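Undergrad: Quick one: the structure is below, questions incoming.
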Amino acid sequence: MKFNRRKFIKRLLVAIASVEAFFIIKGGVSKVEQANAKKELFNAGKVDSFHKNKTYPFSTGHFFLRRFEDGGFLAMSVKCTHLGCVVNSNLETGGFNCPCHRSQFNRFGEVLAAPATRPLDIFPIVIKNGEILIDTNKAVKRTSFEKSQLTYA
């Protein structure tokens, strides 16, 4: 069978289009799989294993879990709201310090010292069957602490 230039170019273009279509479809499926994987909640543990008035760091989940005097839980991001550096917990004050630019936050994640201008972001908490589940894919920006941000068992 003899090929001329026109047939060769047509078949080449069809082959290229097929390869591109394959990668577009594969990429779309991959994004759906990634979105489904991200929907999983981080299991912090049993409610009873967290003492009142104490902060627990979760480096794998990138958050601090604080249980307050009244039993309420608050999951706060480890990222400083100034430039995103990782904050450290301050055992003396119960708050948080940013080592990069010295922002300070109280135990509710509210700003005590600039340059940060807003509180630490928080993550939604669900308590199911005595387990604390944190949605670390959904950081919530806030302007201040409100009691309604706490989750109770």
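Using our numbering, read the sequence shown as starting at 2 and increasing by one per residue.
We put the CB at the ideal spot given by N, CA and C, even for glycine.
Remember, it's a predicted structure, so these values are computed and weren't measured experimentally.
(1) Taking all protein chains shown into account, decide if Ile135 is buried (16 or more other Cβ within 10 angstroms of its Cβ) or exposed.
(2) So, using beta-carbon positions, are Phe74 and Phe109 closer together than 7 Å?
(3) According to DSSP, what are the bridge partners of Asn89?
(4) Around the C-beta of Gly96, are 16 or more other C-beta atoms found within 10 angstroms, so that it is buried, or is it exposed?
(5) Alpha carbon to alpha carbon, what distance is there between Lys55 and Glu93?
(6) Pick helix, strand or coil for Phe65, following the three-state DSSP scheme.
(7) Name the one or two DSSP bridge partners that Lys80 has.
(8) With contact counted as at least three CB pairs below 8 Å, one residue from each stretch, are the segment 112 to 120 and the segment 58 to 66 in contact?
(9) Could you work out which residue in Lys148, Asn138, Ile128 and Thr137 is closest to Gly46 when comparing CA atoms only?
(10) Which class does Tyr153 belong to by DSSP, given the choice of helix, strand or coil?
TA: According to the structure data:
(1) buried
(2) no
(3) Asn98
(4) buried
(5) 11 Å
(6) strand
(7) Val87
(8) no
(9) Ile128
(10) coil
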